[in-house]
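Novice: Numbering (this note's numbering), first residue to last: 118 to 268. Quick one: the structure is below, and I'll ask about it shortly.
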Ligand SMILES: [Zn+2]
């Protein structure tokens, strides 16, 4: 049985929800995408700031572009009080439960946006008590890269 299902969400249009109780540390879903070079993501307008929502940094040379329909994990919403964490293993990126999750709870992780002049463009609607109102990182290792326009 799959650990998650897609449902309407209050945070965004859709989200992923726990289909059953999930124990802390469980690998829930792979964050799928295409591996591209950092050189490419640095220079491709597709990944300029606000478009880089699904871009993960793997290492110095490679990023993972998760902006594909087959990447179900892209539907997971950001929360200021998340129950999941994203880690890379080699060239694969996985979403893990960072706490025990009850059946029916929405899955979320820290999108890890940096705090900069653009933060106001990303209001957060997670509704948690810890919500800071904007999508700003708390310090996860596999943070989404924010791209600056290269001129
Ligand atoms: Zn929030």
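The beta-carbon is built from N, C-alpha and C at its ideal position, and this holds for glycine as well.
Among 161, 153, 224, which has the Cα closest to the Cα of residue 122?
Specialist: Within the chain shown, residue 122 is the residue found at index 5, counting from 1. With distances taken between Cα atoms, residue 122 lies closest to 224.
Novice: For residue 242 and residue 172, I'd like the C-alpha separation in whole angstroms.
Specialist: Counted from its first residue, the chain shown places residue 242 at position 125. Counted from its first residue, the chain shown places residue 172 at position 55. Rounded to whole angstroms, residue 242 to residue 172 spans 21 Å at the Cα level.
Novice: Where do the ends of the alpha helix (DSSP H) carrying residue 159 lie?
Specialist: Start at 1 with the first residue of the chain shown, and residue 159 comes out as number 42. Unbroken alpha helix (DSSP H) run through residue 159: 155-160.
Novice: Take the Cβ of residue 162 as the centre, count every other Cβ of all protein chains shown within 10 Å, and call the residue buried at 16 or more, exposed below.
Specialist: On the chain shown, position 45 is the one that residue 162 refers to. Residue 162 should be labelled exposed.
Novice: Going straight from the alpha carbon of residue 180 to that of residue 211, what length do you get?
Specialist: The residue given as residue 180 occupies position 63 in the chain shown. The residue given as residue 211 occupies position 94 in the chain shown. About 14 Å.
Novice: Mind listing, in chain order, the continuous beta strand (DSSP E) runs of no fewer than 3 residues lying wholly within the region 159-229?
Specialist: 172-174, 179-182, 201-206, 209-214
Novice: Apart from the five residues on each side of it in sequence, which residues of its chain come closer than 7 Å, Cβ to Cβ, to residue 213?
Specialist: For the purposes of this step, residue 213 is taken as residue 96 along the chain shown, with counting starting at 1. Closer than 7 Å at the Cβ level, and outside the excluded window around residue 213, lie 142, 143, 144, 145, 201, 202, 204.
Novice: Who are the near neighbours of residue 265 in its chain, counting only those whose CB is closer than 6 Å to its CB and skipping five residues on each side?
Specialist: Counted from its first residue, the chain shown places residue 265 at position 148. The predicted model places residue 265 with a pLDDT of 39, which falls under 50 and marks its position as unreliable; any figure quoted below should be read in that light. None.
Novice: Do residue 152 and residue 182 have their C-beta atoms closer together than 9 Å?
Specialist: By one-based count along the chain shown, residue 152 stands at place 35. By one-based count along the chain shown, residue 182 stands at place 65. Going by C-beta atoms, residue 152 is nearer than 9 Å to residue 182.
Novice: For residue 250, report the span of its beta strand (DSSP E) as first-last.
Specialist: Here the question's residue 250 lines up with position 133 in the chain shown. Segment: none, residue 250 is in no beta strand (DSSP E) and carries neither H nor E.
Novice: Using 8 Å for Cβ pairs, my map puts residue 197 next to residue 245. What's the rounded Cβ distance?
Specialist: Stepping through the chain shown from its first residue, residue 197 is reached at position 80. Stepping through the chain shown from its first residue, residue 245 is reached at position 128. Between residue 245 and residue 197 the Cβ distance is about 5 Å, and since that is below 8 Å, they are a contact.
Novice: Nearest CA to the CA of residue 193: which residue from 149, 208, 226?
Specialist: As a working note, residue 193 is residue 76 in the chain shown. The option with the nearest alpha carbon to residue 193 is 226.
Novice: Among 190, 188, 189, 207, whose alpha-carbon lies nearest the alpha-carbon of residue 174?
Specialist: Along the chain shown, read from residue 1 onward, the residue named residue 174 stands at position 57. Nearest of 190, 188, 189, 207 to residue 174, Cα basis: 207.
Novice: Tell me whether residue 238 sits in a helix, a strand or coil according to DSSP, three-state version.
Specialist: Along the chain shown, one-based indexing puts residue 238 at 121. Three-state DSSP puts residue 238 in a helix.
Novice: With a threshold of 8 Å, establish whether the CB of residue 201 neighbours any heavy atom of ligand 1.
Specialist: Walking along the chain shown from the start, residue 201 turns up at place 84. Not so, every heavy atom of ligand 1 lies at least 8 Å from the Cβ.
Novice: Would you say the beta carbon of residue 247 comes nearer than 8 Å to a heavy atom of ligand 1?
Specialist: The sequence position of residue 247 within the chain shown is 130, counting from 1. At least one heavy atom of ligand 1 is nearer than 8 Å to the Cβ of residue 247, so yes.
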